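Quick note, the sequence shown lines up with residues 0 to 294 if you use the working numbering. Cβ coordinates follow ideal geometry from the N, Cα and C atoms, glycine included. Since we're looking at a predicted model, the values are computed, not measured. Here is the structure we will look at, set down as structure tokens.
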Amino acid sequence: MMKYQSLLWQWAVCAACAITGATAAVAAEVPFTEDFNNDSANWYNNPGNAPLEWSGSGGPDGGAHVYTTFNFVNAREGDIPALFRAQDEFNSSGGAFEGNWITDGVEVFTAFVRHDAPAPATFFTRFSQPANFPGGVAIVFQPVPPGTWTKIEIPIRADNPQFVTFEGSDFETVFSNIGHVQIGIQVSKGLEGINDDFFFDLDKPTIDGQGRSCSGEEKLKARCARKNCGYRVVGKLSRAEPGSEVTLLLDGGNEQTVRVKNSGKAKVKWCGLEAGSYEVSLRGCDLAAEAVCRR
Numbered sequence: 000m001m002k003y004q005s006l007l008w009q010w011a012v013c014a015a016c017a018i019t020g021a022t023a024a025v026a027a028e029v030p031f032t033e034d035f036n037n038d039s040a041n042w043y044n045n046p047g048n049a050p051l052e053w054s055g056s057g058g059p060d061g062g063a064h065v066y067t068t069f070n071f072v073n074a075r076e077g078d079i080p081a082l083f084r085a086q087d088e089f090n091s092s093g094g095a096f097e098g099n100w101i102t103d104g105v106e107v108f109t110a111f112v113r114h115d116a117p118a119p120a121t122f123f124t125r126f127s128q129p130a131n132f133p134g135g136v137a138i139v140f141q142p143v144p145p146g147t148w149t150k151i152e153i154p155i156r157a158d159n160p161q162f163v164t165f166e167g168s169d170f171e172t173v174f175s176n177i178g179h180v181q182i183g184i185q186v187s188k189g190l191e192g193i194n195d196d197f198f199f200d201l202d203k204p205t206i207d208g209q210g211r212s213c214s215g216e217e218k219l220k221a222r223c224a225r226k227n228c229g230y231r232v233v234g235k236l237s238r239a240e241p242g243s244e245v246t247l248l249l250d251g252g253n254e255q256t257v258r259v260k261n262s263g264k265a266k267v268k269w270c271g272l273e274a275g276s277y278e279v280s281l282r283g284c285d286l287a288a289e290a291v292c293r294r
């Protein structure tokens, strides 16, 4: 991790020297999803000198998506090319991703990615100010296998362990003025030096204020029982994405955030309650369950 963090720092400093943009913050559009329905929406490629290629079909929902190619012939293990660039100077997505993400209420960034490299790829997303520095770099710890559309998710929180560096700055400074969103990969062992063009695809980059988005497969149950602490409500989530973080709420508040187990299940308990009816809900989803505490 330390080696990777050091590489990210070096890359960020070089990028800051090479790419600059506006300095004025605007308001991010929350929620917002870039569907690339008509074109690349001014998202740019790795060098930042041309828009991404566009296809009207083949996305995760069968619709449009964007793509680029990358050749590893000059790459070394640990290199970190940014493959997809949404930047204020390009007017990417009409500026929908630009602004103070803290006050604008952005709580999660998601996207779908796919590639045809001969090995799983570790993706990262870098969020930076318009001048491209400082930035916050978040790693998707689970490598993305080739040939499969995979959803990546980054909760926008200072305590999110996916953030490996804020490049000498801090969460508040970086996210108070977002101008660039850059998605890329870390070159893994075995890919370096391969002289071939591999495809990397992107669709539906999204910012949302609801903590996380749902797949639609999740199931939520709630029950109440009398314990030594008083009445206790238990919320049980199943069929959720393993390894993701979810936030469950009791009557719209009293939130608890937990990580989903490999089984796709998560459980939260609230104790010391009084008799009555309670609603357990999953943030970011139209999903709720009732628990009745009877005398």
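Beta-carbon proximity of residue i to residue j, cut-off 7 Å
{"i": "G58", "j": "D207", "result": "no"}
{"i": "V105", "j": "V29", "result": "yes"}
{"i": "C270", "j": "C223", "result": "no"}
{"i": "A239", "j": "E217", "result": "yes"}
{"i": "E166", "j": "G134", "result": "yes"}
{"i": "N48", "j": "S91", "result": "no"}
{"i": "I138", "j": "Q161", "result": "yes"}
{"i": "V267", "j": "V259", "result": "no"}
{"i": "T124", "j": "I182", "result": "yes"}
{"i": "T67", "j": "D196", "result": "no"}
{"i": "A85", "j": "F96", "result": "yes"}
{"i": "A27", "j": "G98", "result": "yes"}
{"i": "A221", "j": "A290", "result": "yes"}
{"i": "V180", "j": "F132", "result": "no"}
DSSP beta-bridge partners of residue i
{"i": "A120", "result": "V143"}
{"i": "A113", "result": "Checking the displayed sequence, the identity of residue 113 turns out to be Arg instead of Ala. D200, per the DSSP bridge assignment."}
{"i": "I138", "result": "F123"}
{"i": "R222", "result": "V233"}
{"i": "Q161", "result": "Paired residues: none, contrary to the question."}
{"i": "W53", "result": "V65"}
{"i": "V180", "result": "A85 and F126"}
{"i": "G98", "result": "I177"}
{"i": "P154", "result": "V107"}
{"i": "E289", "result": "E278"}
{"i": "I206", "result": "F31 and F108"}
{"i": "T149", "result": "V112"}
{"i": "N227", "result": "Beta-bridge pairing links N227 to no other residue."}
Alpha-carbon to alpha-carbon, residue j and residue i
{"i": "A274", "j": "D250", "result": "14 Å"}
{"i": "R282", "j": "H64", "result": "28 Å"}
{"i": "D87", "j": "P46", "result": "16 Å"}
{"i": "K264", "j": "N73", "result": "43 Å"}
{"i": "S214", "j": "L248", "result": "19 Å"}
{"i": "V232", "j": "Q141", "result": "33 Å"}
{"i": "F198", "j": "N70", "result": "9 Å"}
{"i": "S56", "j": "Y277", "result": "45 Å"}
{"i": "V305", "j": "F174", "result": "Here the chain has residues from 0 to 294 only, and residue 305 is not among them."}
{"i": "A287", "j": "L272", "result": "19 Å"}
{"i": "P50", "j": "A130", "result": "20 Å"}
{"i": "S39", "j": "C292", "result": "53 Å"}
{"i": "T304", "j": "T32", "result": "With the chain running from 0 to 294 in the structure shown, residue 304 is simply not present."}
{"i": "F226", "j": "V25", "result": "For the record, residue 226 in the displayed sequence is Lys; it is not Phe. The alpha-carbon atoms of K226 and V25 are separated by roughly 51 Å."}
{"i": "N37", "j": "R294", "result": "59 Å"}
{"i": "F122", "j": "Y230", "result": "44 Å"}
{"i": "V245", "j": "G234", "result": "12 Å"}
{"i": "F89", "j": "V279", "result": "43 Å"}
{"i": "K352", "j": "F83", "result": "Since the first residue shown for the chain is 0 and the last is 294, residue 352 is missing from the structure and cannot be characterised."}
CB contact check: residue i to chain C, cutoff 7 Å
{"i": "K150", "result": "Looking for chain C here will not work: only one protein chain is present."}
Mind the definition here: the segment 96-116 touches the segment 141-151 only if three or more C-beta pairs lie below 8 Å; say whether that holds. With the cut-off at 8 Å, the segment 96-116 and the segment 141-151 touch.
Examine the Cβ distances between the segment 150-160 and the segment 68-78 and report whether three or more of them are shorter than 8 Å. Touching, no, given that fewer than three Cβ pairs across the two stretches are closer than 8 Å.
Could you tell me which uninterrupted alpha helix (DSSP H) segments, each at least 4 residues in length, are contained entirely in the segment 241-287, listed from first to last along the chain? Qualifying alpha helix (DSSP H) stretches: none in this window.
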